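Please read the structure below before turning to the comments.
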Amino acid sequence: MILRARSYLLLIFSLLSFTAFTQENYQEGYIVRSVADTVRGQIDFRDWAINPGHIAFENGQGSKTVYSPEDITCFAVGGSIYRTYTVKLYPYAKDASMLADTYSTAAPHDSTVFLRFVTGGKMNLYCYLDREDITYLFIQQRGQQPEPLQLRTSAVDNSDGTTLMSTQEIYKGQLGVLMGDCPATAKRIKNLTYTEQAMEKLIFSYNNCGKDTVEHQNAGGFNGQAVHIMPLAGFVHTSLRGGGSLDQGMEWPGYNTVSGGVGILAILPRARQQFAFFADLLYRHLNVRSNALNEGYGNSETLQFNYNQAQLDILFRYRYPTGSRFRPFVNLGVSNTLIFSNKSNLDYYDPSTNSHIIDPPFFVEGGMKNYSVGIVSGIGVEAGRFNVEARLETTDGLSTVTSENVTPTNFYLLVGFSF
100 MILRARSYLL LIFSLLSFTA FTQENYQEGY IVRSVADTVR GQIDFRDWAI
150 NPGHIAFENG QGSKTVYSPE DITCFAVGGS IYRTYTVKLY PYAKDASMLA
200 DTYSTAAPHD STVFLRFVTG GKMNLYCYLD REDITYLFIQ QRGQQPEPLQ
250 LRTSAVDNSD GTTLMSTQEI YKGQLGVLMG DCPATAKRIK NLTYTEQAME
300 KLIFSYNNCG KDTVEHQNAG GFNGQAVHIM PLAGFVHTSL RGGGSLDQGM
350 EWPGYNTVSG GVGILAILPR ARQQFAFFAD LLYRHLNVRS NALNEGYGNS
400 ETLQFNYNQA QLDILFRYRY PTGSRFRPFV NLGVSNTLIF SNKSNLDYYD
450 PSTNSHIIDP PFFVEGGMKN YSVGIVSGIG VEAGRFNVEA RLETTDGLST
500 VTSENVTPTN FYLLVGFSF
């Protein structure tokens with residue numbers, strides 16, 4: 100069962116990745132062709148991991164045009180702003196294993212690219228991530244061209260014949276000169292790492308001269324949030340199917356009840372916010388009694404399940420990359436169910452004595468599981484802050500007795516509200 104589930108997961112993830120790569124995702128945006136020429140329309144937004152080399156723009160009249168950095172001065176879409184500049188790139192190695200790479204030791208060169216705006220004010224910060232997964236950071240003072248923050252690496256031969264990497268953090272000296280008028284920020288440069296996140300905090304602090312908070316843009320969800328708390332409530336229908344000797348005639352009616360709990364949606368960055376993890380903790384009750392299973396001479400058995408359960412679901416979510424208010428999604432993952440307050444029993448009736456003998460479920464003490472796992476799949480839609488989902492769960496059964504088992508199948512209809 101586990102191998103089959105893994106195969107399904109691999110197949111679905113592959114299909115989702117291929118779909119994400121090929122789908123168009125036109126969202127509202129604009130391009131700037133010159134100082135007085137701003138055109139609004141729709142841009143095929145890919146939530147680019149690397150800075151795009153071109154964009155596809157639709158002007159609202161059905162005409163699509165592909166623009167490169169040489170064609171426009173700026174564009175904005177999906178909460179991000181990209182501006183065209185001709186800048187000098189200083190290639191460097193991320194670690195010692197890259198020192199043999201010709202690219203990492205290439206000479207500085209000029210390139211016309213789309214720089215992504217990170218944060219701004221008295222001093223702006225831009226980021227450029229190329230196809231070699233190298234991050235270049237640029238600062239810009241008002242009215243000036245962006246200046247590259249330089250990180251240089253080179254190979255140094257060690258006395259034992261090994262090759263080490265020498266790193267020159269030139270950017271620290273550059274920032275020290277530029278931020279000398281704000282000592283509270285300048286003193287943080289010494290321990291600064293060459294990452295977008297660290298540089299963003301520093302530049303924001305400088306622009307506010309000493310403040311130690313940062314305003315993030317386009318984190319990936321409602322109001323810029325990437326993580327959402329989501330109360331959940333809904334309806335559950337449970338059907339039970341017996342196996343072994345229980346399959347010879349013992350049946351349970353469908354059971355309907357309510358369920359509620361709380362979920363956490365964590366939207367992954369980039370990839371047009373298509374992928375997320377969703378975890379929820381749900382509570383519900385089950386109380387259902389089987390028909391009488393006759394054993395001859397009027398003897399009969401009925402098996403009643405009466406318990407509470409807490410269920411932890413861990414799901415992978417694919418969100419359709421649409422820019423509209425309604426965003427369909429699919430979930431796939433596993434459930435972990437803990438049974439408590441268990442009053443389930445097996446009722447054996449002997450008509451000759453008109454007596455009932457109450458035994459543990461599945462004939463033996465400890466025959467019923469306290470913990471079970473299952474496979475969960477679902478489909479739904481995000482409508483603003485509301486989530487509506489239809490979900491199907493199948494489990495590995497309630498019994499520890501291999502010859503006797505009862506397998507629940509649960510259908511959920513859940514509504515959530517994101518915070």
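Heads up: the sequence shown begins at 100 in this note's numbering, then just goes up one per residue.
Where a beta carbon is used, it is the ideal one built from N, C-alpha and C, also for glycine.
Quick caveat, the model's predicted, so the values are computed rather than measured.
So serine 434 is in the beta strand (DSSP E); what residue range does that whole segment cover? Here residue 434 refers to the residue found at position 335 when the sequence shown is read from its first residue. For serine 434, the enclosing beta strand (DSSP E) has its first and last residue at 425-439.
Continuous beta strand (DSSP E) stretch holding glycine 272: start and end: Along the sequence shown, one-based indexing puts residue 272 at 173. No beta strand (DSSP E) contains glycine 272, which is instead part of the alpha helix (DSSP H) from 269-277.
Determine the direct distance from the alpha carbon of tyrosine 227 to that of asparagine 50, and round the result to whole angstroms. In the structure displayed, the chain extends from 100 to 518; residue 50 sits before or after that span and is not available.
Measuring only the C-alpha atoms, how far is phenylalanine 409 from serine 434? The sequence position of residue 409 within the sequence shown is 310, counting from 1. The sequence position of residue 434 within the sequence shown is 335, counting from 1. Reading the sequence as shown, one finds alanine at residue 409 and not phenylalanine. Going from the Cα of alanine 409 to the Cα of serine 434 covers about 10 Å.
Hey, which unbroken runs of the beta strand (DSSP E) at 3 residues or more fall wholly within the segment 357-391? If we require 3 residues or more, the beta strand (DSSP E) runs fully inside the segment 357-391 come out as 374-388.
Tyrosine 448 bridges to which residues according to DSSP? What you label residue 448 is simply residue 349 of the sequence shown in a count that begins at 1. Bridge partners of tyrosine 448: Ser399 and His455.
Looking at leucine 224: is its Cβ nearer than 7 Å to the Cβ of methionine 329? Along the sequence shown, one-based indexing puts residue 224 at 125. Along the sequence shown, one-based indexing puts residue 329 at 230. Going by C-beta atoms, leucine 224 is not nearer than 7 Å to methionine 329.
Around the Cβ of proline 460, are there at least 16 other Cβ atoms within 10 angstroms (buried) or fewer (exposed)? Walking along the sequence shown from the start, residue 460 turns up at place 361. For proline 460, the number of other beta carbons within 10 angstroms of its own is at least 16, and it is reported as buried.
Write down every uninterrupted run of the alpha helix (DSSP H) in the segment 129-169 whose length is 4 residues or greater and which is fully enclosed by it, in chain order. Counting only runs of at least 4 residues, the segment 129-169 fully encloses no alpha helix (DSSP H) element at all.
Bounding residues of the beta strand (DSSP E) (the contiguous stretch that carries isoleucine 233): Counted from its first residue, the sequence shown places residue 233 at position 134. Note, isoleucine 233: premise wrong, no beta strand (DSSP E); not H, not E.
Where do the N-terminal and C-terminal ends of the alpha helix (DSSP H) with threonine 493 fall, by residue? If you number the sequence shown from 1, residue 493 lands on position 394. DSSP places threonine 493 outside any alpha helix (DSSP H); the residue lies instead in the beta strand (DSSP E), whose first and last residues are 485-494.
Taking the straight line between their C-alpha atoms, what separation do you get for isoleucine 302 and asparagine 290? The residue labelled residue 302 in the question sits at position 203 within the sequence shown. The residue labelled residue 290 in the question sits at position 191 within the sequence shown. Take the alpha-carbon of isoleucine 302 and the one of asparagine 290: they are about 14 Å apart.
Distance, phenylalanine 404 Cα to asparagine 469 Cα: For the purposes of this step, residue 469 is taken as residue 370 along the sequence shown, with counting starting at 1. For the purposes of this step, residue 404 is taken as residue 305 along the sequence shown, with counting starting at 1. The alpha-carbon of asparagine 469 is positioned some 13 Å away from that of phenylalanine 404.
The alpha helix (DSSP H) spanning tyrosine 305 covers which residue range? Residue mapping note: residue 305 aligns to position 206 of the sequence shown, counting from 1. According to the DSSP assignment, tyrosine 305 belongs to the alpha helix (DSSP H) that extends over 295-306.
Could I get the ranges of all uninterrupted alpha helix (DSSP H) runs contained in the segment 179-244, with 4 residues as the minimum, in chain order? Here no run is fully enclosed.
Selection from Met222, Asp232, Asp259 and Thr261 that minimises the alpha carbon distance to leucine 274: Your numbering for residue 274 matches position 175 in the sequence shown. Closest option to leucine 274, Cα to Cα, is Met222.
Ordered along the chain, which non-local residues of its own chain (more than five positions away) have a Cβ less than 7 Å from that of tyrosine 417? By one-based count along the sequence shown, residue 417 stands at place 318. Scanning its chain for C-beta atoms nearer than 7 Å, with the 5 sequence neighbours on each side dropped, one finds around tyrosine 417 the residues Leu115, Gln373, Phe374, Phe428 and Val429, in chain order.
Nearest-angstrom Cα separation, counted from lysine 163 out to lysine 300: Mapped onto the sequence shown, residue 300 falls at position 201. Mapped onto the sequence shown, residue 163 falls at position 64. If you draw a straight line from the Cα of lysine 300 to the Cα of lysine 163, it is about 38 Å long.
Exposed unless 16 or more other CB atoms sit within 10 angstroms - verdict on serine 498: Numbered from its first residue, the sequence shown carries residue 498 at position 399. So serine 498 ends up on the buried side.
Could you spell out the range, first to last residue, of the beta strand (DSSP E) harbouring proline 330? Here residue 330 refers to the residue found at position 231 when the sequence shown is read from its first residue. For proline 330, the enclosing beta strand (DSSP E) starts and ends at 326-342.
On the CB-based measure, 16 or more other CB atoms within 10 Å of its CB, does threonine 337 come out buried or exposed? Locating residue 337 in the sequence shown gives position 238, counting from the first residue. Taking all protein chains shown into account, threonine 337 has 16 or more neighbouring C-beta atoms within 10 Å of its C-beta and is therefore buried.
Mind checking asparagine 257: buried by the 16 CB within 10 Å criterion, or exposed? Position 158 of the sequence shown, counted from the first residue, corresponds to residue 257. Counting every other CB atom within 10 Å of its CB across the protein chains shown gives asparagine 257 a total below 16, marking it as exposed.
Three-state secondary structure (DSSP) at threonine 284? Taking the first residue of the sequence shown as 1, we reach residue 284 at position 185. Note: threonine 284 maps to helix in three-state DSSP.
Closest to valine 514 by CA distance: which of Ile233, Val487 and Thr493 is it? Working through the sequence shown from its first residue, we reach residue 514 at position 415. Nearest of Ile233, Val487 and Thr493 to valine 514, Cα basis: Val487.
Around the Cβ of arginine 484, are there at least 16 other Cβ atoms within 10 angstroms (buried) or fewer (exposed)? In the sequence shown, the residue the question calls residue 484 occupies position 385. Classified as exposed, arginine 484 has fewer than 16 neighbouring CB atoms from the shown chains inside 10 Å of its CB.
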